[in-house]
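Numbering (the numbering used here), first residue to last: 174 to 424.
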Amino acid sequence: MDVPFLLSEAQMRRIEPFFPLSHGVPRVDDRRIVSGIIYVIKHGLMWRDAPKDYGPHKTIYNRFIRWSRLGVFNRIFAELAGKAGEPERIMIDATHLKAHRTAASLFKRGALSRCIGRTKGGLNSKLHAVCDGLGRPIMLLLTEGQMSDHKGAALLFSGLPRAKELLADKGYDSDWFRASLTAQGTTPCIPPRKNRKVQYHYDPQLYRQRHKIENVFGRIKDWRRVATRYDRCAHTFMSAISIAATCCYWL
């Protein structure tokens with residue numbers, strides 16, 4: 174079988190332990206179906222346009238939806254990223270992801286949040302990320318587009334590793350965030366806002382390393398179904414982001 178993209182056997186051995194157990198009728202080849210999911214997300218295709226060599230597009234789509242609801246792809250990312258150990262330096266930032274009109278058409282009064290909000294740039298979602306000193310993502314959070322960087326940091330704070338240093342831009346300059354980082358032994362490298370009465374010191378040379386988390390966003394946004402959100406449900410879009418981050422950095 175000649176397919177455009179196929180995960181290697183070594184890559185499959187790393188992610189297979191996180192797949193759900195098969196009950197009853199054996200599943201269609203996991204390697205082929207997961208590779209098809211990756212191909213569709215990376216190239217921004219509609220599911221029905223998936224190459225025929227991967228098999229029926231409904232099988233690929235159904236597998237993606239079912240495993241997204243189970244949190245399989247998010248768990249793969251979290252487990253592989255966790256195996257890297259505690260980093261000495263971390264960076265935090267956020268970026269907007271444009272929501273296509275098909276993603277914004279879901280009924281708003283659902284029990285679960287769509288994680289779509291309205292900003293000056295229109296309807297979008299916001300991806301908050303934490304990466305290590307090598308520029309590899311270790312934490313991801315999806316919220317509404319209008320959520321501030323500071324509120325996103327508050328949601329992520331309980332899971333932050335106890336690194337020696339944290340790099341962030343002025344959007345994270347708050348007394349609460351600085352005090353919380355210092356209390357757990359992490360030195361904040363955050364430029365102070367101009368309107369602060371007390372201008373905190375930070376290391377400009379160290380701050381230059383913050384470009385690494387910007388590189389993370391740039392690399393993940395190379396995946397077309399991540400750069401533009403077509404998925405209505407937040408869990409499926411978050412699964413697409415986790416798949417992109419896993420393939421780019423942890424496989």
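Even glycine gets a Cβ: it sits at the ideal position worked out from N, Cα and C.
| query | result |
| --- | --- |
| DSSP on Cys406, reduced to helix/strand/coil? | coil |
| Given Val399, which residues of its chain have a CB within under 6 Å of its CB, disregarding the five upstream and five downstream residues? | Ile393, Ala413, Ile414 and Ala417 |
| Does DSSP classify Val303 as helix, strand or coil? | strand |
| Which of helix, strand or coil does DSSP assign to Gly325? | helix |
| Are there 16 or more other CB atoms within 10 angstroms of the CB of Gly197, so buried, or fewer, so exposed? | exposed |
| In the DSSP output, which residue or residues are listed as bridge partners for Asn297? | Lys271 and Gly290 |
| According to the Cβ coordinates, are Gly290 and Asn297 closer than 9 Å? | yes |
| Between which two residues does the alpha helix (DSSP H) harbouring Ile214 extend? | Asp203 to His216 |
| According to the neighbour-count rule (16 or more other Cβ atoms, all chains shown, within 10 Å of its Cβ), is Leu179 buried or exposed? | buried |
| Please check the pair Leu314 and Leu333, which I expect to be a contact at CB under 8 Å, by giving their CB distance rounded to whole angstroms. | That pair is no contact at about 11 Å. |
| Note down the Cα distance separating Asp342 from Pro361, rounded to an integer number of angstroms. | 10 Å |
| On the criterion of 16 or more Cβ atoms from any shown chain inside 10 Å, does Leu270 qualify as buried, or is it exposed? | buried |
| Near Cys406, what residues of its chain come up, given a Cβ to Cβ distance below 6 Å and the 5 sequence neighbours on each side ignored? | none |
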